[in-house]
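Participant: Letter by letter, the sequence shown follows residues 1 to 320 in the UniProt record's numbering. In this text, a Cβ means the ideal position worked out from N, Cα and C, and glycines have one as well. Here the structure is a predicted model, which means the values were calculated and not measured. My questions all concern the structure below.
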Amino acid sequence: MKVVAVGGYIFFKKETYARLTKVSDFMHIKEEPSEKVLGDAAKQADIVVTYGKITPSFIKKYRHLKAIIVLSTGKEDLESAEMLNAASDSDTLLMYTPKYSTQSVAEYTLAALFSLQSKILLATRASFLDQSFGVLDSQRVCLTNSTVGIVGLGHIGAYVANILSKLDINTLAYTKHPDGKKLDDYRGFLTFSPTLEHLSSNSNFVVVTCSLNPETVAFLNKTSFFDHLKADVGLINTARGRIFNPDDLYKFISEKKKSCLFVDVLDFDLETNNKLRQLPNVFVTPHIAFNSLESLYNCTDVVVEDIGSILAGKPINIVK
């Protein structure tokens, strides 16, 4: 089985690399995965592993591929009808790498939370621009006297809530699809909100960790979310930006001058992205929450598991 990994930012532990070369004829092309580089790799591969952009036309053109493994914990870009139909017509397994960056994204989320609460980001920006930032500007409420709301209670949301509970920080959580067993497991370190409105109106900070799918696109909008928030709320989004309605998000953040927004991914249209970036109470990082060395190693560990499952005839982590 010929496996070709494409991308310069793919890392393997020694033991993972050894396992991979043991179960397959493995090659790593350490070039950025352009369309041409991916195509050249696919011509000689049974399985392609990459973080590059995969399109329906690519799947159709290289229909001999047994599998394409995309290095991503999110699968929203792979779940379109066109992608799934192309994979089905080609008998190609479309796979992904879930849960590899849970700890990294959770820690990054906590860093964002503390940065907003402490007003470090606001103070640093004011200092950089040589603007006044006095004692009233820097005054804050301790997190132990605040409530942090978490929207989405998957692995990342639960990890964040668990750590906050150990710091004696009150936590509310809302999930669209509560799982009875998970809820019982989590009751020791968080309180569940019956509705999104309840969480919004009772939180000083709101952390968004839910996955993007057709059900959650623009899920956080004026009616469901923004109309109920406190005027000085701190919003932290280390999930996908499109979970917010972009117009409603911009209107709230631009009008509520004491609120703050920290986002790791801005994936709206260019005009909306630029408008948000220009607001003094918005802080944007370029999709780096996942990026710890441990996460990168975890990701290729999942790749080996994916390949092993294909060889065993029981493939896992398939996009459906």
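#1: Could you name the residues of the same chain whose beta carbon sits closer than 6 Å to that of F252, not counting the 5 residues immediately before and after it, in chain order?
#2: With distance defined between alpha-carbon atoms, name the residue in I288, L71, T191 and C210 nearest to K176.
#3: Please return the same chain residues whose Cβ sits closer than 6 Å to the Cβ of I316, not counting the five positions on each side in sequence.
#4: Just grab the DSSP bridge partners of M95 for me.
#5: Should L196 and I169 be called a contact, given that it needs their Cβ atoms to be closer than 8 Å?
#6: Below 8 Å on the Cβ atoms is my guess for A173 versus I150; work out the distance and round it to an integer in Å.
#7: Can you look up F133 in the DSSP assignment and give me helix, strand or coil?
#8: Is the CB-CB distance between V208 and A239 below 8 Å?
#9: Thinking C-alpha only, which one of A81, N298, D248 and N237 is nearest A289?
#10: Specify whether the stretch 119 to 127 and the stretch 62 to 71 touch according to this definition: at least 3 beta carbon pairs, one from each stretch, less than 8 Å apart.
#11: Using a Cβ-Cβ cutoff of less than 6 Å, which residues in the same chain neighbour residue 354 once the five nearest sequence positions on both sides are dropped?
#12: Considering only DSSP beta bridges, list what V4 is partnered with.
#13: Quick one: what does DSSP say residue 324 is sitting in, helix, strand or coil?
#14: Are at least three pairs of beta-carbons, each pair with one atom in the stretch 99 to 110 and one in the stretch 292 to 310, less than 8 Å apart?
#15: By Cβ distance, which residues of its chain are closer than 8 Å to T109, with the 5 residues on each side in sequence left out?
#16: N237 lies in the beta strand (DSSP E); which residues open and close that run?
#17: Going by alpha carbons, who is nearest to E35 out of R19, V6 and G154?
#18: Could you give the first and the last residue of the continuous beta strand (DSSP E) run that contains F283?
#19: What are the complete alpha helix (DSSP H) segments, minimum 4 residues, inside the stretch 158 to 241?
#20: Roughly how many angstroms separate the alpha carbons of N274 and D267, rounded to a whole number?
#21: Which residue wins for smallest C-alpha separation from T50, given the options V302, G313 and K320?
#22: Rounded to a whole number of angstroms, what is the C-alpha to C-alpha distance between S57 and S88?
#23: What three-state label does DSSP hand T21 in the structure shown?
#24: Is it right to say L136 is buried, meaning 16 or more other beta carbons lie within 10 angstroms of its own, or is it exposed?
#25: Give me the residue from V265, S254 and N202 with the minimum Cα distance to K230.
#26: With DSSP as the reference, label T147 as helix, strand or coil.
#27: Starting from F262, trace the beta strand (DSSP E) in both directions and tell me its first and last residue.
#28: Return the CA-CA distance between D46 and M1, expressed in angstroms with no decimal places.
#29: Per DSSP, F244 forms a beta bridge with which residues?
#30: Quick check on N281: buried or exposed, where buried means 16 or more other Cβ atoms within 10 Å of its Cβ?
#31: Count the other CB atoms, across all protein chains shown, that sit within 10 Å of the CB of V141; report buried if there are 16 or more and exposed otherwise.
#32: Going by C-alpha to C-alpha distance, which of L20, L279 and A81 sits closest to P214?
Facilitator: On the basis of the coordinates in this document:
#1: F226
#2: C210
#3: S309
#4: I69 and I318, per the DSSP bridge assignment.
#5: no
#6: 5 Å
#7: coil
#8: yes
#9: N237
#10: no
#11: Because the chain in this structure spans residues 1 to 320, residue 354 falls outside the shown range and cannot be described.
#12: M27 and V48
#13: In this structure the chain extends from 1 to 320, so residue 324 is not present and cannot be described.
#14: Result yes; three or more Cβ-Cβ pairs closer than 8 Å.
#15: Sequence-distant Cβ neighbours of T109 in its own chain, meaning closer than 8 Å and more than five residues away, are I156, V160, V207, T209, I236, T238 and A289.
#16: G234 to N237
#17: The shortest CA-to-CA distance from E35 to any of R19, V6 and G154 is the one to V6.
#18: V282 to V284
#19: 180 to 186 and 196 to 202
#20: 11 Å
#21: Considering only alpha carbons, the answer is V302.
#22: About 13 Å.
#23: helix
#24: exposed
#25: N202
#26: strand
#27: C260 to V263
#28: D46 and M1: Cα-Cα distance of roughly 6 Å.
#29: Within the DSSP secondary-structure output, F244 pairs in a beta bridge with L220.
#30: buried
#31: exposed
#32: A81
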